[in-house]
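Engineer:
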Amino acid sequence: MVSRRTTASAVTATAVLALSGLAAAPAFAHGSMTDPVSRVSACYAEGPESPKSAACKAAVAASGTQAFYDWNAVNIANAAGKHRDLIPDGKLCSAGNDKYRGLDLARGDWPASTLTAGKHTFRYKGTAPHRGSFELYVTKDGYDPSKPLKWSDLEAKPFATVTDPRMESGDYVFDGTIPNKSGRHLIYSIWQRSDSPEAFYTCSDVVFGKDNGSTGGTPAPTASAPTDEEIEAGTDESSVEHGGHGDQHAGTGAEATAAAPETSESATPSEPAASEPAASTASAAPNEPAAAGEGERLAETGGDATTSYVAMGGAAVLALGAAVLFGAARRGRGRRAAR
931 MVSRRTTASA
941 VTATAVLALS
951 GLAAAPAFAH
961 GSMTDPVSRV
971 SACYAEGPES
981 PKSAACKAAV
991 AASGTQAFYD
1001 WNAVNIANAA
1011 GKHRDLIPDG
1021 KLCSAGNDKY
1031 RGLDLARGDW
1041 PASTLTAGKH
1051 TFRYKGTAPH
1061 RGSFELYVTK
1071 DGYDPSKPLK
1081 WSDLEAKPFA
1091 TVTDPRMESG
1101 DYVFDGTIPN
1111 KSGRHLIYSI
1121 WQRSDSPEAF
1131 YTCSDVVFGK
1141 DNGSTGGTPA
1151 PTASAPTDEE
1161 IEAGTDESSV
1171 EHGGHGDQHA
1181 GTGAEATAAA
1191 PETSESATPS
1201 EPAASEPAAS
1211 TASAAPNEPA
1221 AAGEGERLAE
1231 TGGDATTSYV
1241 AMGGAAVLAL
1251 GAAVLFGAAR
1261 RGRGRRAAR
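Oh and the sequence shown: position 70 is 1000 in this note's numbering, straight run, nothing missing.
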């Protein structure tokens, strides 16, 4: 006869097994700026085992190769908008994470992207898309890349802000107007999730006009973003999962919605699609909604990167527990009827 104690033990054992699987599950990675190319993306594209540029060689020597295989996870799990309080001067590019300390090296020969003032379309590779807001800052005139980057080196206000930008081919895509600058500068991005306190950070070295060479008069190499093939080739070496949360939430009961139209200070109003409720655009000015994420989804998890595992694991435990209890009850009723 199956007792309640035996049944409870079976459910407990199932829960322990399921939760132990959750503990071993990898964390999700999330992304990095690819236009203009972030430092970590540029060095990953060069190859963590044999980087080509002097700056990336130095960064790998300081941080090790794993930091660059994990190029899409420069984050703070519980930032909650307190970026300046949590990240000390001199450690903006690593977000204060010692794992990425090589990104904070103060030097003027980091691989750079060429920019011009005016409208620019930015791209941010989202390996695990989420709802949230982006802020982009540029360094002040007189910026010296040979000195550690401080918060005071950035302009006081972001030159571009956007909430829930559209996605195209795995990239967040949004427009902004770059202010008039000359020479070597740095663009700092902050991506603050709205479904979690987690935030992500990037440093992108850029050159306006001609790069006269900040160190030794030698221009720095041009930065290149990793291709999809290069990203795929490095997943086996990465310590973080590259899957998207939108796919993980499909069928789990967790709420996931299609990418919302982007909003920014320079947004151009557009009529909502006929199938979209008016409320979805009432509080924002959409900027070229187009494509509606091309089927990609932004997760609204209400938690951190482990939420999808907890949701699936919790559902599995409840389902298995219910099955055991239901089976035990049926066997009990059968025996009583036989008597």
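Don't be surprised by glycine CBs; every beta carbon is placed ideally from N, CA and C.
Since the model is a prediction, treat every value here as computed from it, not as a measurement.
#1: Measuring straight from C-alpha to C-alpha, what distance separates H1060 and N1002?
#2: Which term fits Q996, buried or exposed, when burial requires 16 or more other beta carbons within 10 angstroms of its beta carbon?
#3: Starting from the Cα of P1127, find the closest Cα among P966, I1006, A989 and G1113 and give me that residue.
#4: At what residues does the beta strand (DSSP E) containing K1055 begin and finish?
#5: Could you check whether T1091 and F1064 sit closer than 9 Å to each other, using their CB atoms as the reference points?
#6: DSSP on F1064, reduced to helix/strand/coil?
#7: So the beta strand (DSSP E) V1092 belongs to, where does it begin and stop?
#8: Let me check understanding here. Comparing Cα to Cα, which of F1138, T1157, A1155 and P1156 lies closest to G1048?
#9: I'd like the span of the alpha helix (DSSP H) that includes R969, first residue to last.
#10: So for R1037, helix, strand or coil by DSSP?
#11: When the Cα atoms are used, what is the spatial distance from Y1073 to I1161?
#12: Return the chain-ordered list of same chain residues with a C-beta closer than 6 Å to the C-beta of Y999, the five sequence neighbours on each side being excluded.
#13: For A985, report the span of its alpha helix (DSSP H) as first-last.
#14: With G1106 and G961 assumed to form a contact (beta carbons below 8 Å), what rounded beta-carbon distance in angstroms separates them?
#15: Compute the distance between the beta-carbons of T1148 and H1115, then report whether it is under 9 Å.
#16: Tell me where the alpha helix (DSSP H) around R1014 begins and ends.
#17: State yes or no: is the C-beta of G1020 within less than 9 Å of the C-beta of D1034?
#18: If we require 4 or more residues per run, which alpha helix (DSSP H) segments fall completely within the segment 1077-1136?
#19: By the 10 Å Cβ neighbour count, where 16 or more other Cβ atoms means buried, how is R1053 classified, buried or exposed?
Structural biologist: Considering the structure as presented:
#1: For the purposes of this step, residue 1060 is taken as the residue at position 130 of the sequence shown. For the purposes of this step, residue 1002 is taken as the residue at position 72 of the sequence shown. Each residue's Cα considered, the two are about 14 Å apart.
#2: The residue given as residue 996 occupies position 66 in the sequence shown. It is exposed - the Cβ of Q996 has fewer than 16 other Cβ atoms within 10 Å.
#3: Position 197 of the sequence shown holds residue 1127. Nearest of P966, I1006, A989 and G1113 to P1127, Cα basis: I1006.
#4: Looking up residue 1055 in the sequence shown gives position 125. Counting along the chain, the beta strand (DSSP E) containing K1055 begins and ends at G1048 to G1056.
#5: Your numbering for residue 1064 matches position 134 in the sequence shown. Your numbering for residue 1091 matches position 161 in the sequence shown. Going by C-beta atoms, F1064 is nearer than 9 Å to T1091.
#6: As a first step, residue 1064 is located in the sequence shown; it is residue number 134 there, counting from the start. DSSP places F1064 in strand when its eight states are reduced to three.
#7: As a first step, residue 1092 is located in the sequence shown; it is residue number 162 there, counting from the start. Taken as a continuous stretch (DSSP letters only), the beta strand (DSSP E) holding V1092 covers A1090 to T1093.
#8: What you label residue 1048 is simply residue 118 of the sequence shown in a count that begins at 1. Ranking the options by Cα distance to G1048, first place goes to F1138.
#9: Counting from one through the sequence shown, the residue named residue 969 turns up at place 39. First-last of the alpha helix (DSSP H) with R969: R969 to E976.
#10: Along the sequence shown, read from residue 1 onward, the residue named residue 1037 stands at position 107. In this structure, R1037 counts as coil in the three-state DSSP scheme.
#11: Taking the first residue of the sequence shown as position 1, residue 1073 is located at position 143. Taking the first residue of the sequence shown as position 1, residue 1161 is located at position 231. So the two alpha carbons sit approximately 32 Å from each other.
#12: Taking the sequence shown and counting its residues from 1, the one referred to as residue 999 is at position 69. Once the five neighbours on either side are set aside, the close Cβ partners of Y999 are P978, G1164, E1167 and S1168.
#13: Residue 985 sits at position 55 when you count from the first residue of the sequence shown. A984 to S993 is the span of the alpha helix (DSSP H), which, as asked, contains A985.
#14: The residue you call residue 1106 lines up with position 176 of the sequence shown. The residue you call residue 961 lines up with position 31 of the sequence shown. Between G961 and G1106 the Cβ distance is about 17 Å, and since that is not below 8 Å, they are no contact.
#15: Here residue 1148 is taken as the residue at index 218 of the sequence shown, counted from 1. Here residue 1115 is taken as the residue at index 185 of the sequence shown, counted from 1. No. Outside cutoff.
#16: Position 84 of the sequence shown holds residue 1014. R1014 -> alpha helix (DSSP H) spans H1013 to L1016.
#17: Here the question's residue 1020 lines up with position 90 in the sequence shown. Here the question's residue 1034 lines up with position 104 in the sequence shown. Yes, these two residues count as a Cβ contact at 9 Å.
#18: none
#19: Position 123 of the sequence shown, counted from the first residue, corresponds to residue 1053. By the neighbour-count rule (16 or more Cβ atoms within 10 Å), R1053 is buried.
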